[in-house]
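J.: Residues 1 to 197 (my numbering) make up the sequence shown, in order.
By construction, the Cβ of each residue, glycine as well, lies at the ideal position given by its N, Cα and C atoms.
Note that the structure is a prediction, hence the values are computed from the model and not measured.
Take this structure, written in structure tokens, and hold onto it; I'll ask about it next.
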Amino acid sequence: MNNYQQVLHLNKDQIFSIHLLLLQNTNQIISSLNIDSSFIGLESLILNSNQPDLLTALLPKLICLPRLFSLVIGTWSVQKDLGDTYRLIFNLPKLKYIKYTATKPSDVDITIPLPMATNEQITSIEYLIMDCLCAIDELFAIISFTSHLRHLKFLNLTNRNVNIRNIKPITLSNLTHLSIHIFSKMSFNIFENLLVK
């Protein structure tokens with residue numbers, strides 16, 4: 001057992017926050033973390049990595065954490081489909097805050113294929129900050145899982161051709177903060193429809 005494994009093992013119940021920057025040996029490090037329900041005090045996890053399969057390996061392990069309220073993810077990889085990643089995030093039962101940044105090369109088109117959520121799939125997330133490309137229909141699918149939102153910030157709305165009339169309206173009755181950064185051309189009519197929906 002190396003030093004950091006020993007520190008983790010002896011202090012699992014006292015650790016409040018973990019911040020990981022993983023650029024190499026990612027799978028080895030994640031498997032040695034052995035995240036389980038004995039991390040009874042872990043409330044915050046900040047994860048930055050360039051490994052696209054890391055989230056698929058790590059996020060299912062986080063479900064057992066009884067107090068994981070905050071998750072910050074920063075990735076820079078060539079992952080084209082973020083739908084599975086969002087599904088795994090939405091399975092975290094205690095999560096209140098999620099910030100997800102997915103930086104991509106300019107030649108990769110990211111999609112977030114998610115269906116609209118059912119009542120059983122609604123999460124406890126109240127703060128959602130998204131910094132990854134998404135189209136309006138994908139944004140509404142994500143919001144359908146997070147209807148308890150108080151704070152919504154999205155930074156990269158794409159101009160992918162979507163028929164906004166096909167999107168069903170969602171009521172966010174707890175929403176008090178909305179921040180929208182639109183870097184592509186968008187007509188005022190589309191913007192108005194986005195707010196009305």
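(1) Compute the beta-carbon to beta-carbon distance between residue 42 and residue 65, rounded to the nearest angstrom, for a pair I have assumed lies under 8 angstroms.
(2) Run through the segment 14-64 for me and flag every whole alpha helix (DSSP H) of 4 or more residues, listed as ranges in chain order.
(3) Have a look at residue 130 and residue 123 and give me their C-alpha separation to the nearest angstrom.
(4) Would you say residue 151 lies against chain B (beta-carbon separation less than 8 angstroms)?
(5) Measuring only the C-alpha atoms, how far is residue 149 from residue 125?
(6) Flag this pair as yes or no: are the beta carbons of residue 134 and residue 112 separated by less than 8 angstroms?
(7) Quick check on the DSSP output: the alpha helix (DSSP H) that includes residue 70 runs from which residue to which?
(8) Along the beta strand (DSSP E) that carries residue 84, what are the first and last residues, could you check?
(9) Among the candidates 44, 51, 100, whose CA atom is the shortest distance from the CA of residue 62?
(10) Taking the DSSP output, what are the residues bridged to residue 141?
T.: Walking through what the data contain:
(1) 5 angstroms
(2) 26-33, 54-58
(3) 16 angstroms
(4) No chain B is present in this structure, which holds just one protein chain.
(5) 6 angstroms
(6) yes
(7) Taken as a continuous stretch (DSSP letters only), residue 70 belongs to no alpha helix (DSSP H), being part of the beta strand (DSSP E) at 70-76.
(8) Not the beta strand (DSSP E): residue 84 falls in the alpha helix (DSSP H), residues 83-90.
(9) 44
(10) BP columns for residue 141 are empty, so no partner.
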